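Per the numbering used here: the sequence shown = residues 35 to 502. Even glycine gets a Cβ: it sits at the ideal position worked out from N, Cα and C. On a predicted model such as this, the values are computed, not experimentally measured, just so you know. Notes follow once the structure below has been shown.
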Amino acid sequence: MKDDDPAILLARFALVLVASWAAGSLVQRVRLPRITGHIFAGIACGPHVAGVATERLASMLTSLDVVCLAVIGVAAGAELRASELRKNPRPTLVMTLAISTLSFLFVLLSVVLLLGPTSIAMLRGLSTWHAVAVGSLAGTLAIARSPASAIAVLHEMRGKGPFCSHVMAVTIVKDVLVVVAFALNMEAVALSGLAFHPYDVAYSAADGTAGGLGRSAARSAFALMRPFAVVAASAACGVLAGVGLFGPALKPARQRPTLSRVLRPAYVLVIASGLYATSASCGLEALLICMLAGATAANRRHDSGERERDALELAVRGLMPINNLVFFTSVGCGLRVPAVVDYGLVAAAMTVARTGALMVACRLGCVLVGAPAAHKEVMWQGFVTQAGVALGLIRTMERKFPGWGEDLGSLMVACVVVNLLIGPPLFRNAIVAVGESGVAGGGGGGATAGVGARSGAGGAPVGIAGEV
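In C-alpha coordinates:
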(Lines of atoms letter the chains of each structure in order from A and count residues from 1; the text may use other names and numbers.)
(Lines give C-alpha, C1' and ligand atoms only; values in the text may rest on other atoms or scores of the structure.)
Protein backbone atom coordinates (compact mmCIF):
# COMPACT_ATOMS: atom_id res chain seq x y z
CA MET A 1 0.00 0.00 0.00
CA LYS A 2 1.21 3.49 -0.85
CA ASP A 3 1.65 6.26 1.73
CA ASP A 4 -1.14 8.25 0.11
CA ASP A 5 -3.60 5.36 0.36
CA PRO A 6 -6.68 6.51 2.33
CA ALA A 7 -6.34 3.67 4.86
CA ILE A 8 -2.68 4.52 5.50
CA LEU A 9 -3.45 8.23 5.85
CA LEU A 10 -6.27 7.48 8.28
CA ALA A 11 -4.00 5.25 10.37
CA ARG A 12 -1.30 7.92 10.44
CA PHE A 13 -3.87 10.55 11.35
CA ALA A 14 -5.11 8.47 14.28
CA LEU A 15 -1.56 7.72 15.46
CA VAL A 16 -0.56 11.39 15.39
CA LEU A 17 -3.64 12.45 17.36
CA VAL A 18 -3.15 9.70 19.96
CA ALA A 19 0.50 10.71 20.39
CA SER A 20 -0.54 14.36 20.69
CA TRP A 21 -3.18 13.57 23.30
CA ALA A 22 -0.60 11.59 25.33
CA ALA A 23 1.90 14.44 25.05
CA GLY A 24 -0.73 16.89 26.29
CA SER A 25 -1.36 14.74 29.36
CA LEU A 26 2.37 14.39 29.96
CA VAL A 27 3.20 18.11 29.93
CA GLN A 28 0.35 18.80 32.34
CA ARG A 29 2.35 16.88 34.96
CA VAL A 30 5.11 19.50 34.70
CA ARG A 31 2.55 22.31 35.00
CA LEU A 32 2.39 23.30 31.34
CA PRO A 33 -0.81 23.68 29.29
CA ARG A 34 -1.95 20.73 27.20
CA ILE A 35 -1.61 22.71 23.98
CA THR A 36 2.17 22.86 24.53
CA GLY A 37 2.23 19.07 24.36
CA HIS A 38 0.02 19.08 21.27
CA ILE A 39 2.38 21.47 19.47
CA PHE A 40 5.51 19.51 20.39
CA ALA A 41 3.87 16.23 19.39
CA GLY A 42 2.92 17.73 16.05
CA ILE A 43 6.49 18.91 15.50
CA ALA A 44 7.90 15.49 16.47
CA CYS A 45 5.47 13.63 14.19
CA GLY A 46 5.72 16.16 11.37
CA PRO A 47 7.42 15.79 8.00
CA HIS A 48 10.59 17.57 9.17
CA VAL A 49 11.27 15.23 12.13
CA ALA A 50 9.85 11.69 12.45
CA GLY A 51 7.76 11.88 9.30
CA VAL A 52 4.74 10.07 10.75
CA ALA A 53 2.69 12.96 9.40
CA THR A 54 3.62 13.26 5.75
CA GLU A 55 3.35 16.47 3.77
CA ARG A 56 -0.05 15.34 2.49
CA LEU A 57 -1.31 14.49 5.98
CA ALA A 58 -0.02 17.83 7.32
CA SER A 59 -1.93 19.52 4.51
CA MET A 60 -5.07 17.57 5.43
CA LEU A 61 -4.73 18.66 9.05
CA THR A 62 -4.29 22.26 7.94
CA SER A 63 -7.50 22.03 5.93
CA LEU A 64 -9.34 21.49 9.23
CA ASP A 65 -8.23 24.94 10.40
CA VAL A 66 -11.48 26.47 9.19
CA VAL A 67 -13.44 24.47 11.75
CA CYS A 68 -10.88 24.90 14.54
CA LEU A 69 -10.40 28.63 14.10
CA ALA A 70 -14.15 29.15 13.99
CA VAL A 71 -14.59 27.48 17.38
CA ILE A 72 -11.61 29.35 18.86
CA GLY A 73 -13.07 32.64 17.66
CA VAL A 74 -16.51 31.96 19.14
CA ALA A 75 -14.96 30.77 22.42
CA ALA A 76 -12.76 33.85 22.78
CA GLY A 77 -15.60 36.25 21.98
CA ALA A 78 -18.01 34.54 24.35
CA GLU A 79 -15.64 35.19 27.26
CA LEU A 80 -16.35 38.94 27.04
CA ARG A 81 -18.79 40.13 29.72
CA ALA A 82 -20.06 43.51 28.57
CA SER A 83 -22.17 44.13 31.69
CA GLU A 84 -19.17 43.68 33.99
CA LEU A 85 -16.95 45.77 31.74
CA ARG A 86 -19.42 48.66 31.80
CA LYS A 87 -19.29 48.87 35.60
CA ASN A 88 -15.69 50.10 35.68
CA PRO A 89 -14.20 50.36 32.19
CA ARG A 90 -11.31 52.75 32.88
CA PRO A 91 -8.73 50.30 34.33
CA THR A 92 -9.36 47.81 31.55
CA LEU A 93 -9.20 50.40 28.76
CA VAL A 94 -6.11 52.15 30.15
CA MET A 95 -4.18 48.90 30.55
CA THR A 96 -5.30 47.64 27.14
CA LEU A 97 -4.15 50.86 25.47
CA ALA A 98 -0.80 50.88 27.28
CA ILE A 99 0.02 47.23 26.53
CA SER A 100 -1.16 47.37 22.93
CA THR A 101 0.70 50.58 22.07
CA LEU A 102 4.03 49.69 23.68
CA SER A 103 3.98 46.05 22.52
CA PHE A 104 3.48 47.21 18.95
CA LEU A 105 6.17 49.89 19.13
CA PHE A 106 8.81 47.80 20.90
CA VAL A 107 8.52 44.88 18.47
CA LEU A 108 8.29 47.14 15.41
CA LEU A 109 11.44 49.01 16.46
CA SER A 110 13.25 45.76 17.25
CA VAL A 111 12.61 44.58 13.68
CA VAL A 112 13.42 47.89 11.94
CA LEU A 113 16.34 49.14 14.05
CA LEU A 114 17.92 46.10 15.71
CA LEU A 115 17.23 43.11 13.48
CA GLY A 116 16.19 44.07 9.96
CA PRO A 117 17.89 42.60 6.88
CA THR A 118 20.98 41.51 8.82
CA SER A 119 19.05 38.88 10.78
CA ILE A 120 15.76 38.27 8.96
CA ALA A 121 16.35 36.43 5.69
CA MET A 122 13.17 37.62 3.99
CA LEU A 123 14.35 41.24 4.33
CA ARG A 124 17.83 40.85 2.84
CA GLY A 125 18.37 43.24 -0.04
CA LEU A 126 15.07 45.03 0.59
CA SER A 127 14.27 48.55 1.69
CA THR A 128 13.46 49.99 5.10
CA TRP A 129 9.80 50.08 4.09
CA HIS A 130 9.82 46.31 3.77
CA ALA A 131 11.19 46.08 7.31
CA VAL A 132 8.46 48.47 8.49
CA ALA A 133 5.78 46.32 6.84
CA VAL A 134 7.10 43.11 8.42
CA GLY A 135 7.69 44.85 11.76
CA SER A 136 4.16 46.25 11.81
CA LEU A 137 2.65 42.79 11.34
CA ALA A 138 4.95 41.32 13.98
CA GLY A 139 4.16 44.21 16.33
CA THR A 140 0.43 43.76 15.91
CA LEU A 141 0.72 40.03 16.60
CA ALA A 142 2.68 40.89 19.76
CA ILE A 143 -0.51 42.44 21.18
CA ALA A 144 -2.30 39.09 21.21
CA ARG A 145 -2.71 37.13 24.44
CA SER A 146 -4.38 33.77 25.13
CA PRO A 147 -7.75 33.87 26.94
CA ALA A 148 -7.88 30.08 26.96
CA SER A 149 -4.54 29.59 28.71
CA ALA A 150 -5.37 32.36 31.19
CA ILE A 151 -8.62 30.61 32.11
CA ALA A 152 -6.77 27.31 32.51
CA VAL A 153 -4.27 28.84 34.94
CA LEU A 154 -7.03 30.56 36.92
CA HIS A 155 -8.92 27.30 37.19
CA GLU A 156 -5.85 25.39 38.30
CA MET A 157 -4.85 28.01 40.90
CA ARG A 158 -8.45 28.78 41.91
CA GLY A 159 -7.51 32.40 41.33
CA LYS A 160 -10.09 34.87 42.50
CA GLY A 161 -9.85 38.59 43.17
CA PRO A 162 -9.32 42.04 41.62
CA PHE A 163 -5.98 41.13 40.05
CA CYS A 164 -7.31 38.00 38.32
CA SER A 165 -10.44 39.83 37.20
CA HIS A 166 -8.43 42.71 35.75
CA VAL A 167 -6.08 40.39 33.84
CA MET A 168 -8.99 38.50 32.29
CA ALA A 169 -10.85 41.65 31.28
CA VAL A 170 -7.78 43.15 29.58
CA THR A 171 -6.95 39.81 27.94
CA ILE A 172 -10.35 39.47 26.30
CA VAL A 173 -10.70 43.11 25.21
CA LYS A 174 -7.14 43.07 23.86
CA ASP A 175 -7.75 39.98 21.76
CA VAL A 176 -10.84 41.53 20.18
CA LEU A 177 -8.73 44.63 19.46
CA VAL A 178 -5.86 42.65 17.93
CA VAL A 179 -8.14 40.89 15.45
CA VAL A 180 -9.41 44.25 14.19
CA ALA A 181 -5.95 45.85 14.18
CA PHE A 182 -4.37 42.90 12.37
CA ALA A 183 -7.07 42.91 9.72
CA LEU A 184 -6.41 46.60 9.02
CA ASN A 185 -2.65 46.03 9.10
CA MET A 186 -2.75 43.20 6.56
CA GLU A 187 -4.86 45.31 4.21
CA ALA A 188 -2.44 48.23 4.58
CA VAL A 189 0.58 46.01 3.79
CA ALA A 190 -1.22 44.57 0.75
CA LEU A 191 -2.05 48.10 -0.44
CA SER A 192 1.57 49.20 -0.12
CA GLY A 193 2.54 47.23 -3.23
CA LEU A 194 5.88 46.11 -1.76
CA ALA A 195 7.36 43.14 -3.66
CA PHE A 196 9.29 40.70 -1.49
CA HIS A 197 11.92 39.13 -3.71
CA PRO A 198 12.51 36.28 -4.35
CA TYR A 199 8.88 35.59 -3.55
CA ASP A 200 7.61 37.97 -6.27
CA VAL A 201 4.29 38.46 -4.54
CA ALA A 202 2.21 40.83 -6.64
CA TYR A 203 -1.32 42.06 -6.11
CA SER A 204 -3.49 43.58 -8.79
CA ALA A 205 -5.44 46.81 -8.63
CA ALA A 206 -8.57 44.73 -9.17
CA ASP A 207 -7.97 43.25 -5.75
CA GLY A 208 -7.68 46.71 -4.26
CA THR A 209 -4.02 46.16 -3.44
CA ALA A 210 -0.73 47.03 -5.15
CA GLY A 211 -0.95 49.50 -7.96
CA GLY A 212 -4.23 50.92 -6.74
CA LEU A 213 -2.72 53.82 -4.83
CA GLY A 214 -1.39 55.87 -7.69
CA ARG A 215 -3.95 55.40 -10.47
CA SER A 216 -6.44 58.13 -9.58
CA ALA A 217 -7.71 60.10 -6.63
CA ALA A 218 -10.98 58.17 -6.57
CA ARG A 219 -9.27 54.80 -6.75
CA SER A 220 -6.75 55.83 -4.09
CA ALA A 221 -9.55 56.92 -1.79
CA PHE A 222 -11.35 53.64 -2.36
CA ALA A 223 -8.17 51.64 -1.70
CA LEU A 224 -7.51 53.49 1.54
CA MET A 225 -11.08 53.07 2.75
CA ARG A 226 -11.35 49.40 1.83
CA PRO A 227 -9.76 47.98 5.03
CA PHE A 228 -12.13 50.01 7.20
CA ALA A 229 -15.10 48.94 5.09
CA VAL A 230 -14.09 45.28 5.37
CA VAL A 231 -13.75 45.50 9.16
CA ALA A 232 -17.04 47.41 9.50
CA ALA A 233 -18.88 44.88 7.33
CA SER A 234 -17.31 42.02 9.27
CA ALA A 235 -18.36 43.58 12.58
CA ALA A 236 -21.94 43.96 11.38
CA CYS A 237 -22.03 40.36 10.14
CA GLY A 238 -20.64 39.12 13.45
CA VAL A 239 -23.32 40.89 15.48
CA LEU A 240 -26.09 39.69 13.17
CA ALA A 241 -24.76 36.13 13.30
CA GLY A 242 -24.69 36.23 17.09
CA VAL A 243 -28.33 37.24 17.22
CA GLY A 244 -29.75 35.38 14.24
CA LEU A 245 -27.73 32.15 14.15
CA PHE A 246 -26.59 31.39 17.68
CA GLY A 247 -29.44 33.09 19.55
CA PRO A 248 -32.32 30.78 18.52
CA ALA A 249 -30.28 27.61 19.14
CA LEU A 250 -29.37 28.68 22.67
CA LYS A 251 -32.89 29.33 23.92
CA PRO A 252 -33.87 27.11 26.86
CA ALA A 253 -35.43 23.88 25.68
CA ARG A 254 -38.50 23.08 27.76
CA GLN A 255 -38.86 19.73 26.07
CA ARG A 256 -36.05 17.21 25.63
CA PRO A 257 -33.35 19.25 27.43
CA THR A 258 -30.94 16.29 27.42
CA LEU A 259 -31.14 15.96 23.65
CA SER A 260 -30.65 19.71 23.36
CA ARG A 261 -27.44 19.55 25.40
CA VAL A 262 -26.11 16.91 23.03
CA LEU A 263 -27.10 18.70 19.82
CA ARG A 264 -25.97 22.21 20.79
CA PRO A 265 -22.22 21.53 20.47
CA ALA A 266 -22.81 20.07 17.02
CA TYR A 267 -24.96 23.06 16.08
CA VAL A 268 -22.32 25.54 17.27
CA LEU A 269 -19.62 23.62 15.39
CA VAL A 270 -21.54 23.55 12.12
CA ILE A 271 -22.74 27.14 12.27
CA ALA A 272 -19.37 28.55 13.37
CA SER A 273 -17.39 26.69 10.70
CA GLY A 274 -19.94 27.56 8.02
CA LEU A 275 -19.85 31.19 9.10
CA TYR A 276 -16.04 31.21 8.99
CA ALA A 277 -15.82 29.56 5.56
CA THR A 278 -18.52 31.75 4.02
CA SER A 279 -17.13 35.02 5.35
CA ALA A 280 -13.57 34.11 4.31
CA SER A 281 -14.74 33.32 0.77
CA CYS A 282 -16.43 36.73 0.65
CA GLY A 283 -13.24 38.54 1.59
CA LEU A 284 -14.39 39.42 5.11
CA GLU A 285 -12.45 38.96 8.36
CA ALA A 286 -13.68 35.51 9.36
CA LEU A 287 -12.02 35.33 12.78
CA LEU A 288 -13.40 38.74 13.76
CA ILE A 289 -16.90 37.69 12.69
CA CYS A 290 -16.74 34.54 14.81
CA MET A 291 -15.44 36.43 17.84
CA LEU A 292 -18.18 39.07 17.60
CA ALA A 293 -20.80 36.38 17.03
CA GLY A 294 -19.70 34.65 20.22
CA ALA A 295 -19.59 37.94 22.15
CA THR A 296 -23.05 38.97 20.92
CA ALA A 297 -24.60 35.59 21.72
CA ALA A 298 -23.08 35.64 25.21
CA ASN A 299 -24.24 39.17 26.01
CA ARG A 300 -27.80 39.36 24.69
CA ARG A 301 -29.93 41.25 27.22
CA HIS A 302 -33.32 39.59 27.66
CA ASP A 303 -35.13 37.32 30.09
CA SER A 304 -33.35 34.11 29.15
CA GLY A 305 -29.97 35.74 28.45
CA GLU A 306 -28.16 34.15 31.41
CA ARG A 307 -29.37 30.67 30.48
CA GLU A 308 -28.32 31.23 26.88
CA ARG A 309 -24.83 32.21 28.04
CA ASP A 310 -24.63 29.03 30.09
CA ALA A 311 -25.80 26.98 27.11
CA LEU A 312 -23.15 28.53 24.85
CA GLU A 313 -20.48 27.98 27.49
CA LEU A 314 -21.34 24.32 27.89
CA ALA A 315 -21.53 23.77 24.14
CA VAL A 316 -18.15 25.31 23.37
CA ARG A 317 -16.48 23.81 26.43
CA GLY A 318 -17.48 20.39 25.12
CA LEU A 319 -15.88 21.16 21.76
CA MET A 320 -12.60 22.64 22.97
CA PRO A 321 -10.63 19.48 23.94
CA ILE A 322 -10.84 17.86 20.49
CA ASN A 323 -10.71 21.26 18.78
CA ASN A 324 -7.45 22.15 20.53
CA LEU A 325 -6.03 18.69 19.91
CA VAL A 326 -6.56 18.94 16.14
CA PHE A 327 -5.63 22.61 15.75
CA PHE A 328 -2.43 22.71 17.79
CA THR A 329 -1.28 19.35 16.46
CA SER A 330 -1.82 20.77 12.98
CA VAL A 331 0.23 23.83 13.91
CA GLY A 332 3.09 21.60 15.05
CA CYS A 333 2.94 19.35 11.97
CA GLY A 334 2.87 22.35 9.65
CA LEU A 335 5.73 24.14 11.38
CA ARG A 336 8.69 24.49 9.08
CA VAL A 337 11.33 23.43 11.54
CA PRO A 338 14.38 24.51 9.46
CA ALA A 339 12.96 28.04 9.19
CA VAL A 340 12.21 28.15 12.93
CA VAL A 341 15.78 27.03 13.70
CA ASP A 342 17.13 29.70 11.38
CA TYR A 343 15.01 32.34 13.13
CA GLY A 344 15.64 31.10 16.69
CA LEU A 345 17.79 34.05 17.77
CA VAL A 346 15.51 36.54 16.06
CA ALA A 347 12.48 35.05 17.83
CA ALA A 348 14.34 35.30 21.15
CA ALA A 349 15.16 38.96 20.50
CA MET A 350 11.55 39.75 19.59
CA THR A 351 10.34 37.91 22.70
CA VAL A 352 12.66 40.02 24.86
CA ALA A 353 11.34 43.18 23.20
CA ARG A 354 7.73 42.15 23.80
CA THR A 355 8.44 41.20 27.42
CA GLY A 356 10.14 44.54 28.01
CA ALA A 357 7.12 46.31 26.54
CA LEU A 358 4.81 44.41 28.90
CA MET A 359 6.91 45.38 31.92
CA VAL A 360 6.93 49.07 31.05
CA ALA A 361 3.28 49.17 29.93
CA CYS A 362 1.91 47.36 32.97
CA ARG A 363 3.86 49.51 35.43
CA LEU A 364 2.66 52.65 33.63
CA GLY A 365 -0.92 51.38 33.49
CA CYS A 366 -0.91 50.48 37.19
CA VAL A 367 0.29 53.99 38.05
CA LEU A 368 -2.39 55.62 35.90
CA VAL A 369 -5.26 53.60 37.39
CA GLY A 370 -3.93 53.61 40.97
CA ALA A 371 -3.45 49.85 41.25
CA PRO A 372 -2.07 48.37 44.50
CA ALA A 373 1.72 48.37 44.83
CA ALA A 374 1.84 44.56 44.78
CA HIS A 375 0.20 44.53 41.34
CA LYS A 376 2.80 46.84 39.78
CA GLU A 377 5.59 44.31 40.16
CA VAL A 378 3.83 41.28 38.69
CA MET A 379 1.03 42.57 36.44
CA TRP A 380 3.09 42.00 33.29
CA GLN A 381 3.39 38.30 34.10
CA GLY A 382 -0.33 37.87 33.42
CA PHE A 383 -0.04 38.86 29.75
CA VAL A 384 2.91 36.85 28.38
CA THR A 385 1.21 33.71 27.05
CA GLN A 386 0.09 33.54 23.43
CA ALA A 387 -1.82 30.73 21.75
CA GLY A 388 -4.96 30.22 19.67
CA VAL A 389 -5.85 33.73 18.52
CA ALA A 390 -2.25 34.60 17.62
CA LEU A 391 -1.78 31.32 15.75
CA GLY A 392 -5.07 31.84 13.95
CA LEU A 393 -3.96 35.29 12.79
CA ILE A 394 -0.62 33.87 11.66
CA ARG A 395 -2.40 31.26 9.55
CA THR A 396 -4.56 34.00 8.03
CA MET A 397 -1.44 36.05 7.18
CA GLU A 398 0.26 33.06 5.56
CA ARG A 399 -2.71 32.58 3.25
CA LYS A 400 -2.88 36.26 2.31
CA PHE A 401 0.86 36.60 1.62
CA PRO A 402 2.08 33.28 0.18
CA GLY A 403 5.84 32.98 0.23
CA TRP A 404 7.23 35.63 2.52
CA GLY A 405 4.14 35.40 4.73
CA GLU A 406 4.99 31.76 5.42
CA ASP A 407 8.54 32.68 6.46
CA LEU A 408 7.23 35.44 8.72
CA GLY A 409 4.66 32.96 10.02
CA SER A 410 7.41 30.51 11.01
CA LEU A 411 9.21 33.29 12.87
CA MET A 412 6.07 34.38 14.69
CA VAL A 413 5.10 30.79 15.58
CA ALA A 414 8.55 30.42 17.16
CA CYS A 415 7.80 33.53 19.26
CA VAL A 416 4.39 32.16 20.22
CA VAL A 417 5.88 28.82 21.30
CA VAL A 418 8.44 30.60 23.52
CA ASN A 419 5.70 32.72 25.10
CA LEU A 420 3.53 29.64 25.54
CA LEU A 421 6.31 27.94 27.47
CA ILE A 422 7.21 30.81 29.82
CA GLY A 423 3.80 32.46 30.17
CA PRO A 424 1.74 30.05 32.32
CA PRO A 425 4.39 29.66 35.05
CA LEU A 426 4.75 33.44 35.21
CA PHE A 427 0.99 33.93 35.56
CA ARG A 428 0.87 31.32 38.33
CA ASN A 429 3.66 33.16 40.12
CA ALA A 430 1.78 36.45 39.82
CA ILE A 431 -1.43 35.00 41.27
CA VAL A 432 0.47 33.65 44.27
CA ALA A 433 2.41 36.90 44.72
CA VAL A 434 -0.77 39.01 45.02
CA GLY A 435 -2.39 36.49 47.35
CA GLU A 436 -5.30 35.48 45.12
CA SER A 437 -4.56 31.76 44.86
CA GLY A 438 -7.11 29.43 46.38
CA VAL A 439 -4.76 26.44 46.28
CA ALA A 440 -3.47 25.25 49.65
CA GLY A 441 -0.06 26.76 50.29
CA GLY A 442 -0.48 29.11 47.34
CA GLY A 443 -1.58 32.18 49.21
CA GLY A 444 -4.86 33.47 50.39
CA GLY A 445 -7.19 35.89 48.81
CA GLY A 446 -10.75 36.47 49.76
CA ALA A 447 -11.36 39.26 47.30
CA THR A 448 -14.43 39.33 45.21
CA ALA A 449 -14.11 38.37 41.58
CA GLY A 450 -15.15 40.91 39.02
CA VAL A 451 -14.76 41.33 35.31
CA GLY A 452 -13.97 38.21 33.38
CA ALA A 453 -13.45 35.77 36.24
CA ARG A 454 -16.65 33.92 36.83
CA SER A 455 -16.64 31.60 39.78
CA GLY A 456 -17.65 28.00 39.92
CA ALA A 457 -17.80 25.57 42.78
CA GLY A 458 -15.10 26.05 45.37
CA GLY A 459 -14.32 29.54 44.11
CA ALA A 460 -12.60 28.32 40.97
CA PRO A 461 -13.12 30.53 37.94
CA VAL A 462 -14.68 28.75 35.05
CA GLY A 463 -14.71 29.66 31.42
CA ILE A 464 -15.36 28.34 27.97
CA ALA A 465 -11.96 27.18 26.84
CA GLY A 466 -10.80 25.71 30.13
CA GLU A 467 -9.31 22.62 28.54
CA VAL A 468 -6.33 24.55 27.20
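Rounded to the nearest whole angstrom, the CA to CA distance from residue 344 to residue 181 is 18 angstroms. Taking C-alpha positions only, residue 194 is separated from residue 164 by approximately 45 angstroms. Inter-segment contact for the region 135 to 151 and the region 405 to 414 is absent: fewer than three beta-carbon pairs are separated by less than 8 angstroms. Contact check between the region 105 to 114 and the region 370 to 384: fewer than three CB pairs, one atom from each, fall below 8 angstroms, which does not count as touching.
Secondary structure of residue 64 (DSSP, three-state): coil.
Taking C-alpha positions only, residue 356 is separated from residue 464 by approximately 30 angstroms. For the pair residue 415 and residue 459, the Cα-to-Cα distance works out to about 9 angstroms.
One alpha carbon belongs to residue 144, the other to residue 382, and they sit about 11 angstroms apart. The beta carbon of residue 58 is closer than 6 angstroms to those of 68, 71, 72 in its chain, skipping five residues each way along the sequence.
Under the three-state reduction of DSSP, residue 415 is assigned to helix. 9 angstroms or more divides the Cβ of residue 132 from the Cβ of residue 300. For residue 396, the enclosing alpha helix (DSSP H) begins and ends at 378 to 403. For residue 390 against residue 128, the beta-carbon gap comes to about 19 angstroms, at or over 8 angstroms, which does not count as contact.
When the Cα atoms are used, residue 380 and residue 321 turn out to be separated by approximately 28 angstroms. Ranked by how close their Cα comes to the Cα of residue 201, the residues 187, 213, 212 have 187 in first place. Scanning its chain for C-beta atoms nearer than 6 angstroms, with the 5 sequence neighbours on each side dropped, one finds around residue 403 the residues 125, 128, in chain order. A residue is called buried when at least 16 other Cβ atoms come within 10 angstroms of its Cβ; residue 192 meets this threshold and is buried. With 16 or more neighbouring CB atoms inside 10 Å of its own CB, residue 362 falls in the buried class. Here residue 82 carries a coil assignment [DSSP, helix/strand/coil]. In the DSSP annotation of this structure, the continuous segment of the alpha helix (DSSP H) that includes residue 461 starts and ends at 438 to 467. Between residue 176 and residue 388, the CB-CB gap stays under 9 angstroms. Within the region 94 to 177, the alpha helix (DSSP H) runs of at least 4 residues that lie entirely inside it are, in chain order, 99 to 112, 116 to 121, 123 to 143, 150 to 153, 162 to 175. Secondary structure at residue 192: coil, using DSSP grouped into helix, strand and coil. Just measuring C-alpha positions, the residue of 433, 208, 333 sitting nearest residue 315 is 433. Here residue 49 is exposed: its Cβ has fewer than 16 other Cβ atoms, across all protein chains shown, within 10 Å. Cα atoms of residue 364 and residue 427: separation of roughly 15 angstroms, rounded to the nearest angstrom.
In the three-state reduction of the DSSP assignment, residue 231 falls in the coil class, being assigned neither a helical nor a strand state.
Between residue 349 and residue 298, the CB-CB gap stays under 9 angstroms. Remark: C-beta atoms of residue 278 and residue 324 do not approach each other more closely than 9 angstroms. DSSP places residue 363 in the helix class (H, G or I) of the three-state scheme. Cβ-Cβ distances below 7 angstroms link residue 449 to 381, 384, 385 in the same chain, with the five nearest sequence neighbours on each side left out; the list follows chain order. Its Cα nearest to that of residue 171, the residue 442 stands out among 42, 467, 442. Counting other Cβ atoms within 10 Å of its Cβ, residue 413 reaches 16 or more and is therefore classed as buried. Cβ atoms of residue 203 and residue 119 come within 8 angstroms of each other, at about 6 angstroms. Here residue 259 is exposed, its C-beta having fewer than 16 other C-beta atoms within 10 Å.
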